[in-house]
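Remarks on the structure that follows.
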Amino acid sequence: MSCTRIRTLLTGYLDGELEADDGSVVRGHLRECAACRQAATDESALRDGLRQLPPVDPPPSLWAGVQAQLAAAEVADAKRPAWRRALARWAPVAPRFATGGLVAAAAVAVVWWRTQRTVDDAQVPAPEVAITAPSPEVEPKVVPPPSSPAGDVTAELAGEAARTTDTYADAAEELLALATEARVQWTTEQKDAFDARVAELRGLIDRAPEGRSRQRAWGKLIKYLQGAVVRDDIALAGGGL
Amino acid sequence: MKAAFALVVVGLAGVAAAQPKPKTGLVERSRLEVAPGGRPIKQLTIENPLGDIKVEGYDGQSILIETTKTAPDEEALDRLRVSLIPNPDGTVRILTAADGGKEIKPLSRGAVKIDLVIRAPRDARIDAAVSAGSLTVVNMDAGGDLDTGSGPISVRNVAGAVSTSAVSGTTSLTQVFGSVEAQSLASDVELDTIGGERLVASANKGKIAGRRVRARDVELTTTDGKISLEAESSLRGRMVVASLRGDIDVKLRRHGVVIVRARGAKLSLGSSMASAKARSDGWVEGQLGGFKPSTQAAIIELRSRYGMVQFAVIE
Chain V
19 MSCTRIRTLL TGYLDGELEA DDGSVVRGHL RECAACRQAA TDESALRDGL RQLPPVDPPP
79 SLWAGVQAQL AAAEVADAKR PAWRRALARW APVAPRFATG GLVAAAAVAV VWWRTQRTVD
139 DAQVPAPEVA ITAPSPEVEP KVVPPPSSPA GDVTAELAGE AARTTDTYAD AAEELLALAT
199 EARVQWTTEQ KDAFDARVAE LRGLIDRAPE GRSRQRAWGK LIKYLQGAVV RDDIALAGGG
259 L
Chain A
181 MKAAFALVVV GLAGVAAAQP KPKTGLVERS RLEVAPGGRP IKQLTIENPL GDIKVEGYDG
241 QSILIETTKT APDEEALDRL RVSLIPNPDG TVRILTAADG GKEIKPLSRG AVKIDLVIRA
301 PRDARIDAAV SAGSLTVVNM DAGGDLDTGS GPISVRNVAG AVSTSAVSGT TSLTQVFGSV
361 EAQSLASDVE LDTIGGERLV ASANKGKIAG RRVRARDVEL TTTDGKISLE AESSLRGRMV
421 VASLRGDIDV KLRRHGVVIV RARGAKLSLG SSMASAKARS DGWVEGQLGG FKPSTQAAII
481 ELRSRYGMVQ FAVIE
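Residue numbers (the working numbering), protein chains in the order written: chain V, 19 to 259; chain A, 181 to 495.
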């Protein structure tokens, strides 16, 4: 079953409303697909938070707007010829359903931002809904990127941190080569101090998680090497500015 | 703790309808306001590898987020995700991602985009990262940590400590009043109107250009690129401008006594340094202002192993 199909079944799955077969399929998919698992976790956490909320009274202006649109739809309906009214009864998207859908979509948009979509504000008045939610006290979960076809944006993003780190590593190697040239003028003590510091900074790099932390750690090593190569910080140690 | 920090989230729009655009495919826009229920929002962390980030400070307490997602079709649009994670300690995280999976239709990275425009309380610190998109921070009072891959970083009218890191995106810092640490691997760093205790900027393959710089402790370093600087000296200040292969051109507005030391493949120190003396270690040193060595003197060191060093005083 595809991820798209699974996402449509998630709500029913979390509510325990799926048939046994469907539930088993969803459960099996979630075991293998990190993206859908994350979506299920997000929705589940959101539901837990929402259950603790006090009931929310929508602002009077919202209901007034809904009633006004319903009334306008009824007036328009009354003015239409009989054949059009008959058609409208069978039309898949009746005005009142559209209005109801608008309100429902607004509510969904608030509780799950990713499903929000807007059209030009001038065309559609934006409903206002306020909720008060306790903030979760959990750290955001880092989900490993799910396997995706090569060349896909997800796979590309997953490999980007490593590529950036490689760029830092290449720059550091170039500077290390320059430092090797410079070190012939250093004393043994200065060489030892340099080697110890480089080892320390490499340790920081190794311990840093892939991503911004590791790139910043590489940045520290590069800065130190630039100091040694360009500003003679090592040779001037104790006697510089 | 949990009760002390409640968030009020106000969705300002939410109607299901994507706007088709002829060239870019579908565009989906949304707006969200996040207001602190208890503690004020003190830090905002934003990671958007899929597009631009613009953060603008304002006098309110809420965070206003405008998201624009672009994708070639509905299915691709559904894969683009923006997550908002408020924490009880007054920090808010905004992360973007593209959902993956084994059964998806492959989608090139250039085909999708998420742009974020965020209005944040001025006193919130910004911790932000982009990849190829631009990262812009304006009108903030608590500085930030900003990282980019190949996209440009632009910081304007910001107080507080600012730290930037770029692989190949240009870094432009204008009107920054706080300590600055800017590092670039293969791109230029532009500094304009910097006034803080400390300014440290380095570029490996790029150049550094600074104007109207006034910091007590200045350290500009490049491996290959040129460094040009127009700065004011500070009493007891320290300024080190160094390159391995790049040229150095420093113009100084002097306040008080300044000791200048320079060393380069070629030196041009101007008439104000006519009395400078060459030392046995290859440095040329001279003093501007005052007749005796002064403990108040600012020290300026200019060096390029293979490049030319130019120095002039702006009267």
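In this text, a Cβ means the ideal position worked out from N, Cα and C, and glycines have one as well. Just so you know, these numbers come straight off a predicted model, no measurement behind them.
Among the options, which residue has its Cα nearest to the Cα of residue i?
i	options	result
V/TYR186	A/VAL369, A/SER334, A/LYS385 and A/GLY470	A/LYS385
A/LEU468	A/GLY323, A/VAL493 and A/GLU246	A/VAL493
A/ARG425	A/GLY436, A/ALA445, A/THR271 and A/TRP463	A/ALA445
V/CYS54	V/GLU191, V/TYR31, V/GLU35 and V/LEU36	V/TYR31
A/LEU415	A/ALA366, A/SER451, A/VAL464 and A/GLY470	A/GLY470
A/ARG209	A/ASN228, A/GLU236 and A/ALA251	A/ALA251
V/ALA195	V/ALA179, V/GLU228, V/ARG23 and V/VAL247	V/VAL247
A/ARG219	A/ARG396, A/GLU236 and A/VAL272	A/VAL272
A/TYR486	A/ILE480, A/SER423, A/LEU432 and A/GLY436	A/SER423
A/ASP253	A/ASP368, A/LEU353 and A/VAL292	A/VAL292
A/ALA308	A/ILE333, A/PRO286, A/LYS387 and A/LEU287	A/ILE333
A/GLY376	A/ASP368, A/ASP232 and A/ARG394	A/ARG394
A/TYR238	A/ILE221, A/ALA256, A/MET488 and A/LYS249	A/ILE221
V/ARG215	V/ALA179, V/ALA63, V/GLU199 and V/GLY245	V/GLY245
A/ASP404	A/THR248, A/ALA339 and A/SER367	A/SER367
A/PRO266	A/GLU410, A/ALA215 and A/GLY231	A/ALA215
A/LEU287	V/GLY229, V/ALA179, V/ARG45 and V/VAL171	V/VAL171
V/ARG234	V/ASP184, V/THR206 and V/VAL43	V/ASP184
With a CB to CB cut of under 6 Å and the five nearest residues on each side skipped, what residues in its chain are close to residue i?
i	result
A/GLU246	ARG211 and VAL297
A/ILE274	ILE226 and LEU264
A/LEU244	GLU213 and ARG299
V/ARG201	LYS209
A/ARG443	GLY462, TRP463 and ARG483
A/THR328	VAL310, LEU315, ALA346 and GLY349
Can you tell me whether residue i is buried or exposed? The criterion is at least 16 other CB atoms within 10 Å of its CB, across all chains shown.
i	result
A/ASP553	The structure shown does not extend to residue 553 of chain A, since chain A is modelled only from 181 through 495, so no value can be given for it.
A/GLU495	exposed
V/GLN203	exposed
A/GLN476	exposed
A/ARG259	buried
A/ALA454	exposed
V/GLY169	exposed
A/SER155	A question about residue 155 of chain A goes unanswered here, because the residues of chain A that appear run from 181 up to 495.
A/SER359	buried
Output needed for residue i: all residues of its chain with C-beta closer than 8 Å, excluding positions within five of it in sequence on either side, in chain order.
i	result
V/LYS238	LEU219 and LEU222
A/LYS457	VAL464, GLU465 and GLY466
A/GLY240	ARG299 and PRO301
A/SER413	MET419, LEU432, ARG433, ARG434, HIS435, GLY436, VAL438, ALA478 and ILE480
If you draw a straight line from the C-alpha of residue i to the C-alpha of residue j, how long is it?
i	j	result
A/SER484	A/ARG302	40 Å
A/SER343	A/VAL335	10 Å
V/ALA52	A/VAL347	30 Å
V/THR59	A/ARG261	14 Å
A/SER345	V/LYS241	11 Å
A/LYS234	A/ASP295	8 Å
A/VAL420	A/ARG459	18 Å
A/ALA322	A/ARG305	5 Å
V/GLY34	V/SER20	20 Å
V/ASP39	V/THR26	15 Å
A/LYS406	A/ILE428	6 Å
V/VAL129	V/ALA211	Here the model assigns V/VAL129 a pLDDT of 44, short of 50, so the residue's position is not dependable and the matter cannot be decided.
A/GLY417	V/ASP213	31 Å
V/ARG192	A/SER330	Looking at the sequence shown, residue 192 of chain V is not Arg but Glu. Cα to Cα, V/GLU192 sits roughly 20 Å from A/SER330.
A/VAL440	A/ARG289	51 Å
V/GLY41	A/PRO268	35 Å
A/GLU370	A/SER352	5 Å
A/THR401	A/GLY390	12 Å
A/GLN480	V/GLU174	Looking at the sequence provided, one finds Ile at residue 480 of chain A rather than Gln. Going from the Cα of A/ILE480 to the Cα of V/GLU174 covers about 46 Å.
V/ALA226	V/THR182	14 Å
A/ALA362	A/ASP325	10 Å
V/ILE252	A/VAL207	55 Å
A/ARG392	A/HIS435	14 Å
A/ALA383	A/PHE491	21 Å
A/SER364	A/LYS282	37 Å
V/LEU64	A/GLY270	19 Å
V/THR22	A/ALA256	11 Å
A/ALA341	A/ALA381	13 Å
V/VAL44	V/LEU36	9 Å
CB-CB under 7 Å to residue i, same chain, minus the five flanking residues each way: which ones, in chain order?
i	result
A/ASN337	VAL318, ASN319 and GLN355
V/ARG49	none
V/ALA57	ARG25 and LEU28
V/ARG135	Confidence at V/ARG135 is low in this model, with a pLDDT of 44, below 50, so its placement is unreliable and the value that follows should be read with caution. So no residue of the chain qualifies.
V/ALA179	GLU228 and GLY229
Is residue i near the ligand MN, in the sense that its beta carbon is under 8 Å from a heavy atom of that ligand?
i	result
A/ALA442	In terms of ligand content, the structure shown is empty, and the ligand MN therefore cannot be addressed.
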